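Enquirer:
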Amino acid sequence: MHGMISGPPEAATKTIATSRAVLLLLVVMTGIAPISLYMLVPALPVLATNFGSDISIAQMTVSLYMVGIALSQLIMGPLSDRFGRRPVLLGGLALMVAASIGCILAQNLPQLIAARFFQALGGAAGMVVSRAIIRDIYERDRVASMISLVVAALMIGQMVSPLTGGLIETAFGWRAIFYAITIGAIIVAVGIGVALPETRRTRGVGSSFRRDVGMLITNRAFVGYVMCQVLASQIIFTFAGGGPYIVVTQMGRSSAEYGAWFATTGFAYLVGNLLCVRFAPRHSLERLIWLGLGLQLCGSLLNLLWSVTGWNEAPSWLFGTQIIVMVGNAFVMANSAAGAISIRPEAAGTASGAMGFLQQGIGALMSQFGAYLGGHSATTLPLTSAVLAISLLCACTMIFVVPRREVVVSEELIEQAEEEETGMM
Numbered sequence: 013m014h015g016m017i018s019g020p021p022e023a024a025t026k027t028i029a030t031s032r033a034v035l036l037l038l039v040v041m042t043g044i045a046p047i048s049l050y051m052l053v054p055a056l057p058v059l060a061t062n063f064g065s066d067i068s069i070a071q072m073t074v075s076l077y078m079v080g081i082a083l084s085q086l087i088m089g090p091l092s093d094r095f096g097r098r099p100v101l102l103g104g105l106a107l108m109v110a111a112s113i114g115c116i117l118a119q120n121l122p123q124l125i126a127a128r129f130f131q132a133l134g135g136a137a138g139m140v141v142s143r144a145i146i147r148d149i150y151e152r153d154r155v156a157s158m159i160s161l162v163v164a165a166l167m168i169g170q171m172v173s174p175l176t177g178g179l180i181e182t183a184f185g186w187r188a189i190f191y192a193i194t195i196g197a198i199i200v201a202v203g204i205g206v207a208l209p210e211t212r213r214t215r216g217v218g219s220s221f222r223r224d225v226g227m228l229i230t231n232r233a234f235v236g237y238v239m240c241q242v243l244a245s246q247i248i249f250t251f252a253g254g255g256p257y258i259v260v261t262q263m264g265r266s267s268a269e270y271g272a273w274f275a276t277t278g279f280a281y282l283v284g285n286l287l288c289v290r291f292a293p294r295h296s297l298e299r300l301i302w303l304g305l306g307l308q309l310c311g312s313l314l315n316l317l318w319s320v321t322g323w324n325e326a327p328s329w330l331f332g333t334q335i336i337v338m339v340g341n342a343f344v345m346a347n348s349a350a351g352a353i354s355i356r357p358e359a360a361g362t363a364s365g366a367m368g369f370l371q372q373g374i375g376a377l378m379s380q381f382g383a384y385l386g387g388h389s390a391t392t393l394p395l396t397s398a399v400l401a402i403s404l405l406c407a408c409t410m411i412f413v414v415p416r417r418e419v420v421v422s423e424e425l426i427e428q429a430e431e432e433e434t435g436m437m
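Take any residue in the sequence shown, count from 1 to its spot, add 12: that is its number in this note's numbering.
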């Protein structure tokens with residue numbers, strides 16, 4: 013019968029779910045691509061100087077890397093549903109290792125940029141497949157908390173990766189960064205080969221990529237959860253795009269001060285994920301999404317109010333209320349992602365990949381949009397208005413697109429009702 017799926021035996025699934033080694037692997041496989049992205053950022057001026065090129069060309073080692081991440085999620089997710097989680101992860105990491113060696117051997121910037129693209133294409137397999145694995149081994153109501161836990165640990169790694177990359181470049185040169193990435197990818201691949209069993213659920217008869225995609229895009233709940241998650245992520249991209257121009261250009265503060273203030277929003281997002289880990293086991297993901305949406309709306313509305321009154325001309329007001337937005341944002345993103353990949357568990361990789369692709373692809377445009385708003389205005393009002401508009405759209409998807417959960421009448425419920433009726437007679 014189509015739609016029927018099976019996975020690892022229940023005892024085996026519980027063993028996998030409680031394994032600290034598997035949890036650690038989920039963190040590192042999720043983080044290896046974004047950490048590799050941020051490690052190279054401090055070395056961009058050195059790359060431009062060494063290769064005698066403009067900094068904007070060196071910046072392409074970052075921008076095309078992000079394109080590689082987006083495309084990888086679109087490709088690797090369906091492949092993991094078709095061939096399994098382990099083969100796709102190991103194949104992606106093998107590509108990352110080969111591309112990292114190519115980065116080490118690069119003799120000019122075009123070669124380095126091309127190698128970085130393939131490095132992202134392979135490394136980002138962990139980002140999409142890790143969400144699918146979480147859905148494979150955890151119940152629906154625990155998926156959000158596990159995603160939040162992985163993201164929280166990942167953010168700590170992302171916070172220290174630019175510093176790590178800067179220290180490596182200063183001590184050993186920029187090529188040493190890619191030696192470190194290569195070694196890291198090999199270690200992660202060995203860990204997957206040794207400690208991570210295959211978790212993919214058996215596909216139903218007649219299942220195929222085309223059928224999975226067709227069923228997902230025609231499912232209101234899936235579309236709604238994905239829209240909610242993607243829109244919530246655009247708050248981050250928009251604010252990050254416009255923030256530097258507002259703080260440095262409009263407010264006349266230093267870039268270092270902007271970096272310190274922006275770090276507070278990252279810390280708030282981390283706190284939100286940790287709170288989600290704590291609350292998720294006791295509350296439905298829909299309730300937690302609404303909690304996050306409420307915080308997003310309250311914070312963005314206050315920020316708009318401060319812009320109208322002129323109080324937002326100081327970083328403390330701008331970022332103080334943005335902290336509220338980011339705590340709520342963590343709840344919305346983790347739980348809506350959990351909802352999206354739970355619609356069709358045997359196609360969790362495809363669902364995760366589509367969501368990640370849209371998030372990254374639209375995010376690149378919204379980052380530019382935020383930069384335009386921040387760089388072409390004299391106040392914070394355009395940026396805070398955009399953040400409020402996105403928050404409202406995010407809430408509208410839950411109101412008008414995601415259907416209310418309905419009770420499914422199963423054979424067990426019918427038998428229970430018949431027993432109760434017999435007892436009353």
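Glycine is no exception: its CB is placed at the ideal position from the N, C-alpha and C atoms.
Quick caveat: nothing in here was measured; it's all calculated off a predicted structure.
1) Of all the options V100, P327, V260 and C408, which has the alpha carbon lying nearest to the alpha carbon of T211?
2) Using DSSP with H/G/I as helix, E/B as strand and the rest coil, what is I248?
3) How about I193 and S48: do their beta carbons lie closer than 8 Å?
4) Quick one: residues in its chain with C-beta nearer than 7 Å to the C-beta of R147, no 5 flanking neighbours on either side, listed in chain order?
5) To the nearest angstrom, report how far apart W329 and S75 are at their CA atoms.
6) Output the distance between the C-alpha atoms of A126 and L38, rounded to the nearest integer angstrom.
7) If you measure between the beta carbons of T276 and F343, is that distance less than 8 Å?
8) Applying the 10 Å Cβ sphere with the 16-neighbour rule, what's the burial state of R32?
9) On the three-state DSSP scale, how would you describe F331?
10) Counting only runs that start and end within the region 256-319, where is the alpha helix (DSSP H) found for 4 or more residues in a row?
11) How many angstroms separate the CA atom of Q334 from the CA atom of N315?
12) Nearest to S245 by alpha carbon, out of I229, L405 and G196?
13) To the nearest angstrom, how far is it from the Cα of G80 to the Cα of A201?
14) Looking at N341: is its Cβ nearer than 8 Å to the Cβ of L300?
15) Let me confirm a value: S266 is counted as buried when at least 16 other C-beta atoms fall within 10 Å, else exposed. Which label applies?
16) For the alpha helix (DSSP H) that contains D93, what are its first and last residues?
17) For the alpha helix (DSSP H) containing T42, list its first residue and its last residue.
18) Which residues in the same chain have their Cβ closer than 7 Å to the Cβ of G375, if we skip the five residues on either side of it in sequence?
19) Assign V206 to one of two classes, buried (16 or more other C-beta atoms within 10 Å of its C-beta) or exposed (fewer than that).
20) May I ask you to report which of helix, strand or coil DSSP gives V414?
21) I want to know whether the region 116-131 touches the region 52-67 - three or more CB-CB distances under 8 Å.
22) If I402 and L243 are in contact, beta carbons under 8 Å, what's the gap, nearest whole angstrom?
23) Taking contact to mean 3 or more Cβ pairs, one atom from each stretch, closer than 8 Å, check whether the region 387-397 and the region 166-177 are in contact.
24) Just the Cα atoms here: how many angstroms apart are L313 and L400?
25) S157 by DSSP, collapsed to three states: which one?
26) Can you look up W186 in the DSSP assignment and give me helix, strand or coil?
27) In whole angstroms, what is the alpha-carbon distance linking G304 and L282?
28) In whole angstroms, give me the CA-to-CA distance for E418 and L377.
29) In chain order, what residues of the same chain have a beta carbon less than 6 Å from the beta carbon of M158, not counting five sequence neighbours either side?
30) On a CA-only basis, which of S160, T391 and S364 is nearest V225? Give me that one, please.
31) Could you give the distance in angstroms between the alpha-carbon of A383 and the alpha-carbon of L102?
32) Tell me whether the beta-carbon of V238 lies closer than 8 Å to the beta-carbon of T42.
33) Select from C408, P46 and G255 the residue whose C-alpha is nearest the C-alpha of Q170.
34) Could you tell me which of A268, C310 and E298 sits nearest to R416, measuring between CA atoms?
35) So, with DSSP's three-state summary, where would you put I336?
Expert: Looking at the coordinates:
1) V100
2) helix
3) yes
4) V155, I353, S354, P357 and A360
5) 31 Å
6) 27 Å
7) no
8) exposed
9) helix
10) 267-291
11) 7 Å
12) L405
13) 20 Å
14) no
15) exposed
16) M72 to F95
17) R32 to L52
18) S245, Q246 and F249
19) exposed
20) coil
21) yes
22) 6 Å
23) no
24) 6 Å
25) helix
26) coil
27) 14 Å
28) With a pLDDT of only 46 at E418, under 50, the local geometry of the prediction cannot be trusted, and the value read off the model is given with reservation. Their Cα atoms are separated by approximately 37 Å.
29) I146 and Y150
30) S364
31) 38 Å
32) no
33) P46
34) E298
35) helix
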